[in-house]
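Numbering (the UniProt record's numbering), first residue to last: 1 to 409.
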């Protein structure tokens, strides 16, 4: 029983090693679906000339060719002019994500389909750049095989062999061939020549086998690594609407900011600006979240951040001026209080000095009055003394004759 399981496992592994998994990608109208039918040798994919993608969803088909299992997955084509269309971008990215999901083991190669006969232009390069944003910048170099379709027209129009012709090309096509490390092949999807069809497929398988030696499969891991670029791609398609809405809100905030500035400068009260700062912060956070570090909305963020800085600076200025005014008022209030206290002290001191002066003057007056009274007393006493002396004099005067008479006898 165990032996049987091991044999089955080895058989599955052998089949897996012999299997080739290919994903068809490219611009709409380049013949992807017709190429898929040519490779698996029957009409599995709907194909017709069209300027819009005939393949609307991912389809896959498997066939065994020369003992090799070949699985082809066909994806919707990338439109010429709709790279920045939100609906188209989401549709293509979702379809290509589905193409990766339905083949968990990964792909040996991407067949990048380009139409011979049309001039390979910057628009075609734009398609390649678009696909790089979906699968990662290195997927062309590591996993792409460039397939030029409409090989029947090449044989009619060109007189040299395909390899000589491709090496002689210049410009965008030459750059793409070099980026694919010269993994390029011509396919005639219209031929009914069985040998030619088989030869084309065998040449393709040889290129795939050589690529398998160089790199492992392109798996979901590589696809996950390109997630940021896919987000950038999807955001680019949505950017016009996001920018328009954000700029409308930013302009409304700016106009209100200018109106508030007029009133704020009269009283320097930052309170009316606080709701605006909150509003611009909300807008900034919303845009930054939508940008998701892709840089797609970088210019818009700079504009919003500039307005945010202006509002924030205005609030800082108002607060600083208010603080200075408070400091000055406090300083003047303190100085005024000091001066008032000093004045009160001076007044009290003056009153005290006045009282002392009054007392001093009163004392002087009282002293003078006392001196006056003393002088009056002394005068009175002097007058009394003079009266006494007069009496004595009169007495002496009257007595002298008597004495003289006494002594003369």
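Virtual Cβ for every residue (Gly too), placed ideally from N, Cα, C.
What you are looking at is a predicted structure, and each value in this text was computed from that prediction instead of being measured.
Asked, Found
"When 311, 289 and 271 are compared against residue 322, the one with the closest alpha-carbon", "271"
"Local conformation of residue 22 per DSSP, three classes", "strand"
"Terminal residues of the alpha helix (DSSP H) in which residue 144 lies", "Element bounds for residue 144: not the alpha helix (DSSP H) but the beta strand (DSSP E), 144–149."
"Three-pair Cβ contact test at 8 Å for the stretch 204–223 versus the stretch 114–129", "no"
"Spatial distance of residue 235 from residue 246 (CA atoms)", "14 Å"
"Segment contact, 8 Å Cβ cut-off, at least three pairs: the stretch 192–204 with the stretch 94–106", "no"
"Three CB pairs or more closer than 8 Å across the stretch 134–153 and the stretch 247–264", "no"
"Alpha helix (DSSP H) segments (min. 4 residues) lying fully within the stretch 214–299", "220–225, 227–267 and 274–291"
"Residue 158, DSSP secondary structure in three states", "coil"
"Alpha helix (DSSP H) runs wholly inside the stretch 329–356, at least 4 long, in chain order", "none"
"Burial state of residue 159 (16 or more Cβ within 10 Å)", "exposed"
"Segment limits, beta strand (DSSP E) that includes residue 109", "109–115"
"Beta-carbon gap between residue 149 and residue 120 smaller than 8 Å", "no"
"For residue 170, the three-state DSSP class (helix, strand or coil)", "coil"
"Residue 112 beta carbon less than 8 Å from that of residue 145", "yes"
"Alpha-carbon spacing of residue 42 relative to residue 73, whole angstroms", "14 Å"
"Closest residue to residue 63 among 38, 370 and 31 (Cα-Cα distance)", "38"
"Nearest-angstrom Cβ-Cβ length linking residue 302 and residue 276, presumed shorter than 8 Å", "19 Å between Cβ atoms; not a contact."
"Rounded C-alpha distance that separates residue 320 from residue 337", "25 Å"
"Burial state of residue 27 (16 or more Cβ within 10 Å)", "buried"
"C-beta contact flag for residue 22 and residue 109 at 8 Å", "yes"
"Whole-angstrom C-beta distance between residue 220 and residue 104, which should lie under 8 Å", "7 Å"
"Residue 309, DSSP secondary structure in three states", "helix"
"Own chain, CB closer than 7 Å to residue 201, minus 5 neighbours either side, in chain order", "39 and 65"
"Closest residue to residue 89 among 238, 273, 314 and 289 (Cα-Cα distance)", "238"
"Whether residue 187 touches residue 156 by CB criterion (8 Å)", "no"
"Opening and closing residue of the beta strand (DSSP E) in which residue 57 lies", "Note, residue 57: premise wrong, no beta strand (DSSP E); not H, not E."
"Classification of residue 233 by the beta-carbon crowding that lies within 10 angstroms, buried from 16 upward", "buried"
"Beta-carbon proximity of residue 316 to residue 281, cut-off 8 Å", "no"
"Start and end residues, beta strand (DSSP E) containing residue 78", "Premise fails: residue 78 is in no beta strand (DSSP E) and is neither H nor E."
"Bounding residues of the beta strand (DSSP E) (the contiguous stretch that carries residue 71)", "68–74"
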